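S.K.: My questions all concern the structure below.
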């Protein structure tokens, strides 16, 4: 694994100064990810420029620095898949700044800005992705459609935390309302007269004291007759039967 030891001390000092500057004052639409232990691999997240097929995405790229940097240019790669004429399917970036137009005096900020500008103005004449280059020249609408498709699939923007928080707050409020409604319903149910089925009422009345007043019965329930009532009803019947038997015996 490459580390800062692979770079000359003067280059490390220069890179440390540049990276600190990029961190404190980042270029528009670019965020550099710094690893203090390894300056030979520099990562950056690039926002798709507005008005391009890439505007809804964030693309991760990296610059690989060789030991003889800055005399030789860094190699640039996109880690995020992208449909672009000057970016190969492997992620390699083709731009003159990183090739024949390289100058040791050019800093990392300049390189990053050039790469982002490449998303605004591709150069199909020097395409690494021939399909994208040909499509850009012959059928821009189809090129833009595919570029947007790749962006939507692979280059997701981080979610807005404030929106997530708002959704969470709304959900919490909804849960509170539901809890309150449930509490109100339970309280209303407790204060409302109990509705008892006929069979349940019968069981309850049977178990009650036999001397309970009729007003204690549940409205609508068919209470069974008391035992005293049953006996009182049977006595006249039995008496009539006895009287009938006596009359029959007298006739004999």
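In my numbering, the protein residues as written are 8 to 259.
Glycine included, C-beta positions come from ideal geometry on N, C-alpha and C.
If you're wondering where the values come from, they're calculated on a predicted model, not measured in any experiment.
If we call anything under 9 Å between Cβ atoms a contact, is residue 17 one with residue 45?
M.R.: no
S.K.: Compute the Euclidean distance between the alpha carbons of residue 115 and residue 141, then round it to the nearest angstrom.
M.R.: 31 Å
S.K.: To which residues of the same chain is residue 59 closer than 7 Å at the C-beta, ignoring the five residues directly before and after it?
M.R.: 126 and 127
S.K.: Could you tell me the boundaries of the beta strand (DSSP E) in which residue 114 lies?
M.R.: Residue 114 -> no beta strand (DSSP E), and no H or E assigned at all.
S.K.: Tell me which residue opens and which closes the alpha helix (DSSP H) that residue 44 is part of.
M.R.: It is not in any alpha helix (DSSP H) - residue 44 carries neither H nor E in the DSSP assignment.
S.K.: So is residue 14 buried or exposed if we call it buried at 16+ other beta carbons inside 10 Å?
M.R.: buried
S.K.: Between residue 89 and residue 71, what straight-line distance do the alpha-carbon atoms span, to the nearest angstrom?
M.R.: 19 Å
S.K.: Helix, strand or coil: how does DSSP classify residue 151 here?
M.R.: helix
S.K.: Count the other C-beta atoms from every protein chain shown that fall within 10 angstroms of the C-beta of residue 40, then say buried if there are 16 or more, exposed otherwise.
M.R.: exposed
S.K.: With 16 other CB atoms within 10 Å as the buried threshold, where does residue 201 fall?
M.R.: Residue confidence for residue 201 is low, a pLDDT of 42 falling below 50, so the modelled location carries little weight and cannot support an answer.
S.K.: Note down the Cα distance separating residue 42 from residue 33, rounded to an integer number of angstroms.
M.R.: 16 Å
S.K.: Quick one: Cα of residue 149 to Cα of residue 131, how far?
M.R.: C-alpha of residue 149 to C-alpha of residue 131: approximately 15 Å in a straight line.
S.K.: Anyone know if the C-beta pair for residue 47 and residue 162 falls short of 9 Å?
M.R.: no
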